[in-house]
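Protein chains: 2
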Amino acid sequence: MESFPNKLMNQAQNQTQLIALDWGTSSLRAYRLGVDGQVLELRALPWGVMRLPEVVSAENSGADGKEGFELAFEQACGDWLLAAPHTPVIAAGMVGSREGWREAPYLSIPITVDQIGRTLSTVRTRTGQIIYIVPGLIQNSALPDVIRGEEAQVIGALSMLDFNKSSSSTEQQDEPDAVLIGLPGTHSKWVQVRGQHREMKSHIEHFSTFMTGDVYAALCAHTILARGMQASDISRGDHGAFDRGVLVAKTPAGRAGVLSTIFSTRTLGLTGVLDAAGQREYLSGLLIGHEVAALQASLTEQRQQFPRVILIGDAALCERYVRALKAYGIDQVEVAEQATERGLWQLALAAGLLTRIQP
Amino acid sequence: MESFPNKLMNQAQNQTQLIALDWGTSSLRAYRLGVDGQVLELRALPWGVMRLPEVVSAENSGADGKEGFELAFEQACGDWLLAAPHTPVIAAGMVGSREGWREAPYLSIPITVDQIGRTLSTVRTRTGQIIYIVPGLIQNSALPDVIRGEEAQVIGALSMLDFNKSSSSTEQQDEPDAVLIGLPGTHSKWVQVRGQHREMKSHIEHFSTFMTGDVYAALCAHTILARGMQASDISRGDHGAFDRGVLVAKTPAGRAGVLSTIFSTRTLGLTGVLDAAGQREYLSGLLIGHEVAALQASLTEQRQQFPRVILIGDAALCERYVRALKAYGIDQVEVAEQATERGLWQLALAAGLLTRIQP
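Quick note, the sequences are listed as chains A and B, same order. This note's numbering puts the first residue of the first sequence at 11, with every later residue one more than the last. This note's numbering puts the first residue of the second sequence at 11, with every later residue one more than the last.
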């Protein structure tokens, strides 16, 4: 039987401190976070910004076309808010895009975590709840680049990094720490951060998008390369073919670029070197290799050493990138977990939405 | 009323000397050629190797699955052969691939026109007609490359080139002449040829494939870039956006490669720089620019000067490539016409299928 103080402590520890929404194009993840950002509950719903629940009721005439967002929101966390009214709600991702619930305009980089947290947009739901929406970031270079949603993950990874650092006595904690954070996926993002021991002062300095996953899917399904792959829909983990692909970008032939090298997926099939499954793995390696090679070249041009690398994303995909980075001589790669919810917690802190309670 | 000798001459000039088939993946073009390869008649049919006419008759039981080819062939030129029996028939393109009527195995380069003409495969139709099939070519480099069908066009362009040369008194006709022949399209091919005044001795030395058209179509329809382009299905000939795209590959940002630079199609839309039609043009220019830049870099590496350039293909597409080549400093570009039928004529000559008759 629990003692009275223990019971109080458990209640406090189970108390909702923040509701955090990771609201992307194709899905919505809702986190109920407790003391210190601990995950108390997680819900994954299919209600991405581009596939919201359908509104069938007639009573919504005269509404603003945002009912789909209202419905999805209520399904995601309506009961959590009933049980814990006045809980702050924060959201990141495409929900803040032009096609989202409320546009949270892009902020220009370089920018600190602090500054992002102090520039949240808001939308008020029909029940009066305020949702704080994290802005995306824009890099106004010759070719502009944007991220939206990944900024929260980057901030989450940074918060873990600083935690690790302070447990090490050999590192100098007041020196800024160059970190390269990779978020492989449909659109891979590589974000250069100048970390600080006072994490809210960490700078997001530069980022690059590579449409690797999106291009891979389109090539596999909608170009001539599909023809050789038809017999194989699943990977059998063919490291040989994958590694062969990874290395192409650093050979002389690789300098012809992706538009040219991808054709070898077909010719290595025609010449009997790669079977259907092998062609798929080879192409995956080839594209990721081109991405890593380009990234490395760009850092060299900026006279940046390849800094500490952190990956955030699907575990199997991160494993592919770890392999590819290693092939290009980059061995020091960590994989960060729970980056999204930790980042949203940090942003809520920076925004002053949280009052730290003592359990 | 025609005089007797004139009538004889007209008859001779209208006499079928060769039936030439350009038989690709999605279409079949049949040429009836007369004296000196003059086109007497042309038929375009939809019967590509991957979309042959359906065989409905039951009498074909026990056949070899090639009836679709037989039917297509009879529609294309059955009547021509009835009117002029014993006319030789030559075919190039995917009809000679593994999925074609009869595989004409790839020949390795370097190779002369002569050698290709002396290595035709044959298939006998159910009516006993022999069809000579032109082999594709393979380059057994680190990343193998292949062409099939384009070799005939290259040979056709070469034959015109030599004709032009012999009409010019300022050029030395016995010197080999480095020519770069570009065949833009779904899969652009760039073929390096060492031309000779005795055209049958011209060497095909090297080629590179760029999947530019295939990738462009897949990106426009099946990636996030489609989203900004939905409002525009047709080009309005926006040279500004196209030219802007062409130049990307030679900027510092362009060095990140296609996987990265294509994302700017979207960000230049998000930032209001490009509208829907402009994004389409920009992406077209961007991909073609990357292709031309890679080609130029590869020739520089081979310590080849950018030689005389000849383009073969769709007129509007060739015009795009002429613009892009110009942006990279290559002004001396010619566009060759009727390359396919001229090439098939040359190959039939090399194969000894033709007896030159005097009209």
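In this text, a Cβ means the ideal position worked out from N, Cα and C, and glycines have one as well.
Exposure of residue i, with buried meaning 16 or more beta-carbon neighbours within 10 Å
i, result
"L354 of chain A", "buried"
"S270 of chain A", "buried"
"Q202 of chain B", "buried"
"E160 of chain A", "buried"
"P145 of chain A", "buried"
"D187 of chain B", "buried"
"T222 of chain A", "buried"
"D184 of chain B", "Residue confidence is low: D184 of chain B scores 48 on pLDDT, short of 50, so the model does not pin down where it sits. No coordinate-derived value is stated."
"E80 of chain B", "buried"
"S118 of chain B", "exposed"
"T26 of chain B", "buried"
"H96 of chain B", "exposed"
"H249 of chain A", "exposed"
"A337 of chain A", "buried"
"D324 of chain A", "exposed"
"D224 of chain B", "buried"
"A326 of chain B", "exposed"
"L134 of chain A", "The sequence as given places Arg at residue 134 of chain A; Leu does not occur at that position. Exposed: under 16 other Cβ atoms inside 10 Å."
Range of the contiguous alpha helix (DSSP H) that encloses residue i
i, result
"A337 of chain A", "325-337"
"E311 of chain B", "286-311"
"Q149 of chain B", "Q149 of chain B -> not in any alpha helix (DSSP H); beta strand (DSSP E) instead, spanning 147-149."
"A358 of chain B", "349-360"
"E80 of chain B", "77-93"
"L280 of chain B", "274-280"
"D124 of chain A", "123-127"
"D253 of chain A", "249-258"
"A236 of chain B", "235-239"
Range covered by the beta strand (DSSP E) that runs through residue i
i, result
"S131 of chain B", "131-134"
"L364 of chain B", "Unbroken run through L364 of chain B: none, as it is neither H nor E."
"V268 of chain B", "Not the beta strand (DSSP E): V268 of chain B falls in the alpha helix (DSSP H), residues 268-271."
"E344 of chain A", "343-346"
"I157 of chain B", "155-157"
Through-space distance from residue j to residue i, alpha-carbon basis
i, j, result
"H213 of chain A", "L305 of chain A", "20 Å"
"A82 of chain A", "Q348 of chain A", "23 Å"
"Q371 of chain A", "D124 of chain A", "A question about residue 371 of chain A goes unanswered here, because the residues of chain A that appear run from 11 up to 369."
"L91 of chain A", "P98 of chain A", "9 Å"
"R352 of chain A", "A167 of chain A", "8 Å"
"R61 of chain A", "V258 of chain B", "34 Å"
"L52 of chain A", "E329 of chain A", "25 Å"
"Q315 of chain B", "V343 of chain A", "43 Å"
"S36 of chain A", "W57 of chain A", "7 Å"
"A102 of chain B", "L130 of chain B", "10 Å"
"E181 of chain B", "K199 of chain B", "Low local confidence applies: a pLDDT of 46 at E181 of chain B is under 50, so the model's placement there is unreliable, and no value is given."
"L147 of chain A", "G279 of chain A", "42 Å"
"R276 of chain B", "R318 of chain B", "36 Å"
"L363 of chain A", "Q85 of chain A", "23 Å"
"R42 of chain B", "G88 of chain B", "11 Å"
"W33 of chain A", "H232 of chain B", "22 Å"
"M104 of chain A", "R39 of chain B", "49 Å"
"N150 of chain B", "Y116 of chain B", "11 Å"
"T350 of chain B", "V302 of chain A", "41 Å"
"L28 of chain B", "M210 of chain B", "19 Å"
"R112 of chain A", "I140 of chain A", "12 Å"
"Q21 of chain B", "S169 of chain B", "26 Å"
Residue i CB to nearest heavy atom of the ligand SAH below 7 Å
i, result
"T26 of chain A", "This structure lacks the ligand SAH; in fact it carries no ligand of any kind."
Chain E contact residues for residue i, given Cβ-Cβ distances below 7 Å
i, result
"P154 of chain B", "No chain E is present in this structure, whose protein chains are A and B."
Residues that residue i bridges to, as DSSP identifies them
i, result
"S218 of chain A", "A:W200"
"Y142 of chain A", "A:I100, A:T132"
"L193 of chain B", "B:K199"
"Y41 of chain B", "B:A30, B:L52"
"H213 of chain B", "B:T122, B:R204"
"A188 of chain B", "B:R204"
"R318 of chain A", "A:V189"
"V164 of chain A", "DSSP output for V164 of chain A lists no bridge partner at all."
"L117 of chain A", "A:L147"
Listed in chain order, which residues of the segment 297-311 of chain B have Cβ atoms closer than 9 Å to some Cβ of chain A? Answer set for the segment 297-311 of chain B: L297, H300, E301, A303, A304, L305, A307, S308, E311.
Members of the segment 111-144 of chain A near chain B, C-beta cut-off 7 Å: Sequence-ordered contacts of the segment 111-144 of chain A with chain B are nonexistent [C-beta pairs closer than 7 Å].
Using a Cβ-Cβ cutoff of 9 Å, what residues of the segment 259-274 of chain B are near chain A? List them in chain order. Taking 9 Å as the upper bound on Cβ-Cβ separation, chain A lies near residues A259, T261, P262, A263, G264, R265, A266, G267, V268, L269, S270, T271, I272, F273, S274 of the segment 259-274 of chain B.
Note down, in chain order, all residues in the segment 352-363 of chain A with a beta-carbon under 7 Å from any beta-carbon belonging to chain B. From the segment 352-363 of chain A, no residue has a Cβ closer than 7 Å to chain B.
Please identify, using Cβ separations under 9 Å, the residues of the segment 211-231 of chain A that lie next to chain B, in order along the chain. Going along the segment 211-231 of chain A in chain order, one finds S218, T219, F220, M221, T222, D224, V225, A227, A228, L229, A231 with a Cβ nearer than 9 Å to chain B.
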